[in-house]
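A quick write-up on the structure given underneath.
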Amino acid sequence: MRILLTGGSGFLGSHLAERLLADGHQVVCMDNLITGRVENIDHLASDKNFEFIKHDVSKYIVVKGQIDCVLHFASPASPIDYLEHPIKTLKVGSLGTHNALGVAKAHGSRFLLASTSEVYGDPLVNPQPETYWGNVNPVGPRGCYDEAKRFGEAITMAYHRTHGIDAKIVRIFNTYGERMRHHDGRVVPNFIDQALKGEPITVYGDGSQTRSFCYVSDLVDGIVRLMMSDLNEPVNIGNPTEMNVLDFAKKIIELTGSKSEIIFEDLPVNDPKVRRPDITKAKAKFGWEPKVDLAEGLARVIKWFKANYKE
Ligand code: UDP
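So the number in our numbering is just where the residue sits in the sequence shown, counting from 1, plus 269.
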């Protein structure tokens, strides 16, 4: 297939681009490089099946030639990024999704929206099945991301129902891997970076809030399986192994052999208290489950952070 991948220069987008090329697809990567980076795709630039277009997908999208599939991954995804760019986050999730759906409609292509576990907000049920409607504060600081993605899901289903677009929605849970930015702000790069520099590990709140971390290759495999499936509904992809943030800090100290101390800082507003995917649907519908356990995945990422050390 010839695939339009928005956000293809980001952390996830670049891993997905690599996998799609390895599977024999052609990739048209579109990114405005707000949080994406050219370094993430430098190694793909010489591939004849890869092209890069610098463009903000919140504005009308023009792509020449046939497009068989649109994968809409453009969006800031780290809380510090979407707090810094709330309007751009809302625009890419709403106008950007509308434009990307417009490309799918014009080209008769299938469509996949990168949605998020944030649609569940601060969830009142744990683990979260796809049938849970969520507990989101629309006017809180995270509302710009959560509501943009919820709108994105709504317009994706409307295009499916109204225009018959073969549309899929992946709800992505916390993911980690090589190429996360050192100052990305999310817990995995923050803790690894702090541990490797011997700086204090900043646990927000008392660290009792939980997350479930999925290694990037597992996530990408789930996305590809969903893309190739005939499903037209949201599917959770994430690793169901749940742990609290304080234990996660201790794990990073253990795996890096760091002498860093743990310090406690204020919990961000509306920070979800629990998060864990129910992956029953992905397992049943396309036989997906994660393969890389946390210690193995973190060891790879720690090695990468060491090799790509930055002040
Ligand atoms: N967190 C933390 N210290 C940090 C960064 C994050 O304790 O330096 C916490 C954050 O408050 C949240 C969890 O780690 O409870 C995961 O945060 P992240 O920003 O990775 O993503 P989120 O799951 O909140 O979208």
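The beta-carbon is built from N, C-alpha and C at its ideal position, and this holds for glycine as well. This structure is a prediction, so every number in the text was calculated from the model and none was measured.
Proximity below 8 Å, CB of residue i to CB of residue j
i, j, result
"I438", "S498", "no"
"L382", "T431", "no"
"K554", "L515", "no"
"L290", "D316", "yes"
"P398", "P537", "no"
"S481", "F442", "yes"
"N505", "P546", "yes"
Buried or exposed by the 16-neighbour rule on C-beta atoms within 10 Å, applied to residue i
i, result
"Q335", "exposed"
"P503", "buried"
"A436", "buried"
"W557", "buried"
"S344", "buried"
"A375", "exposed"
"N243", "Outside the modelled stretch of the chain, which goes from 270 to 580, sits residue 243, for which no answer is possible."
"T549", "exposed"
"A373", "buried"
"I356", "exposed"
Own chain, CB closer than 6 Å to residue i, minus 5 neighbours either side, in chain order
i, result
"G305", "S278 and G279"
"M496", "L381"
Cutoff 8 Å; reference residue i; Cβ partners in own chain excluding five residues on either side
i, result
"F574", "H451, P458, I461, D462 and L465"
Cβ shell of residue i (< 7 Å), same chain only, five flanking positions each side left out
i, result
"Y414", "Y351, T358 and E387"
"D391", "N404, N539, P541 and K542"
"S283", "G277, N309, I310 and R448"
Exercise. Run through the stretch 348-419 for me and flag every whole beta strand (DSSP E) of 3 or more residues, listed as ranges in chain order.
Key: 379-385
Quiz item: Taking contact to mean at least 3 C-beta pairs separated by less than 8 Å, is the stretch 461-474 in contact with the stretch 527-534?
Solution: Result yes; three or more Cβ-Cβ pairs closer than 8 Å.
Quiz item: Okay, do the stretch 365-376 and the stretch 520-529 touch, 3+ Cβ pairs below 8 Å being the bar?
Solution: no
Exercise. Evaluate the contact criterion for the stretch 322-341 versus the stretch 293-312: three or more CB pairs, one atom per stretch, below 8 Å.
Key: yes
Quiz item: Where are the beta strand (DSSP E) runs, 3 residues long or more, that stay fully inside the stretch 495-550, in chain order?
Solution: 503-506, 511-513 and 531-534
Quiz prompt | Completely contained beta strand (DSSP E) runs for the stretch 302-357, where each covers 3 or more residues | solution = 319-323 and 338-341
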